[in-house]
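In what follows, a single structure is set out as structure tokens and then discussed.
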Amino acid sequence: MIERALWTSASGMWAARTQVDVIAHNLANVNTPGYKAARADFADLVYAAGPAPGDRRDGVTGIPGG
């Protein structure tokens, strides 16, 4: 149970960091000719975070047993 709570808080921090990085990149390039602003979509954030601990992929868990 504690792993899930830690994963939830960590994924929230990753999402916030990604959003801040995108905003900073957009601000840094605001005067660049031809620059098109980027967006952090939810699907990008989920993909970047990777599988959650305990997710099953082909019968293998992300958390070592023991």
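The sequence shown begins at 10 in my numbering and counts up one residue at a time.
For every residue, glycine included, the Cβ atom is placed at its ideal position computed from N, Cα and C.
Close Cβ partners of residue i (< 6 Å) along its chain, the five nearest in sequence each way excluded
i: Ala-49; result: Thr-27, Gln-28, Val-31
Same chain, Cβ closer than 8 Å to residue i, neighbours up to 5 away in sequence not counted
i: Gly-21; result: none
Cutoff 7 Å; reference residue i; Cβ partners in own chain excluding five residues on either side
i: Ala-46; result: Asn-35
Helix, strand or coil at residue i [DSSP, three-state]
i: Gly-43; result: coil
i: Asp-50; result: coil
With 16 other Cβ atoms within 10 Å as the buried cut-off, status of residue i
i: Gly-75; result: Note that Gly-75 scores 46 on pLDDT, short of 50, meaning its location in the model is unreliable; the coordinates nonetheless yield the value given after this. So Gly-75 ends up on the exposed side.
Host alpha helix (DSSP H) of residue i (start-end)
i: Asp-30; result: 11–37
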